[in-house]
Amino acid sequence: MSEDFPAFETINTPQRQLLERDIQAACVRYARSRGTYARKFVSTANRSVPDYLMITMGWVWFPEFKKPKGKLTPGQEEEHTLMRKAGGEVYVFSDIDEFKKAHAAIEERGWHPAA
Ligand SMILES: [Mg+2]
Numbered sequence: 009m010s011e012d013f014p015a016f017e018t019i020n021t022p023q024r025q026l027l028e029r030d031i032q033a034a035c036v037r038y039a040r041s042r043g044t045y046a047r048k049f050v051s052t053a054n055r056s057v058p059d060y061l062m063i064t065m066g067w068v069w070f071p072e073f074k075k076p077k078g079k080l081t082p083g084q085e086e087e088h089t090l091m092r093k094a095g096g097e098v099y100v101f102s103d104i105d106e107f108k109k110a111h112a113a114i115e116e117r118g119w120h121p122a123a
């Protein structure tokens, strides 16, 4: 994600509907500003995987971004279920503040014991 993307405040105006990529860009920028490792997650044979892989203080988590009121596809629902069954942390965000809350909750755990 480009670092010169407009600040969230300037794109979240009543004149312009927020898109998934706006929310994603703002969340990824925020996470990186907090020291989180953030990479686009692409699994070539599995199109329904979450949008990002993040590592915060040793905790690995997978954010899926949606536009406001955006819904998961059936394939995404299925993939998230499989990941969670294996102990994976998958979260769906369509709001920067919800993302910040989740990020803070992970930071509050402290460093992962294996990290
Ligand atoms: Mg998405």
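Here the working numbering is used: the first residue of the sequence shown is 9, the next is one more, and so on.
Backbone N, C-alpha and C fix where the C-beta goes; we use that ideal spot for every residue, glycine too.
As the structure is a prediction and not an experimental result, all values here were calculated from the model.
Neighbourhood of residue i by C-beta distance below 6 Å, restricted to the same chain and skipping five residues each side
i	result
residue 119	65, 66
Residue i, buried or exposed, once every other Cβ within 10 Å from all chains shown has been counted against 16
i	result
residue 5	There is simply no residue 5 to check, as the chain begins at 9 and stops at 123 in what is shown.
residue 44	buried
residue 58	buried
residue 53	exposed
residue 71	buried
residue 36	buried
Helix, strand or coil at residue i according to DSSP, with G and I counted as helix
i	result
residue 62	strand
residue 48	strand
Checklist entry - Is the region 25-38 touching the region 81-98 in the sense that three or more CB pairs, one from each, lie closer than 8 Å? => result Taking 8 Å as the limit for Cβ pairs, the verdict is that the region 25-38 does not touch the region 81-98.
Item to check | Contact between the region 80-89 and the region 103-113 (3+ Cβ pairs under 8 Å) | outcome: No contact exists between the region 80-89 and the region 103-113.
Next on the checklist: Which residues end up in the neighbourhood of ligand 1 when you take C-beta atoms closer than 6 Å to any of its heavy atoms?
Outcome noted: Near ligand 1, meaning a Cβ closer than 6 Å to any of its heavy atoms, lie the following residues in chain order: 28, 59, 72, 73, 74.
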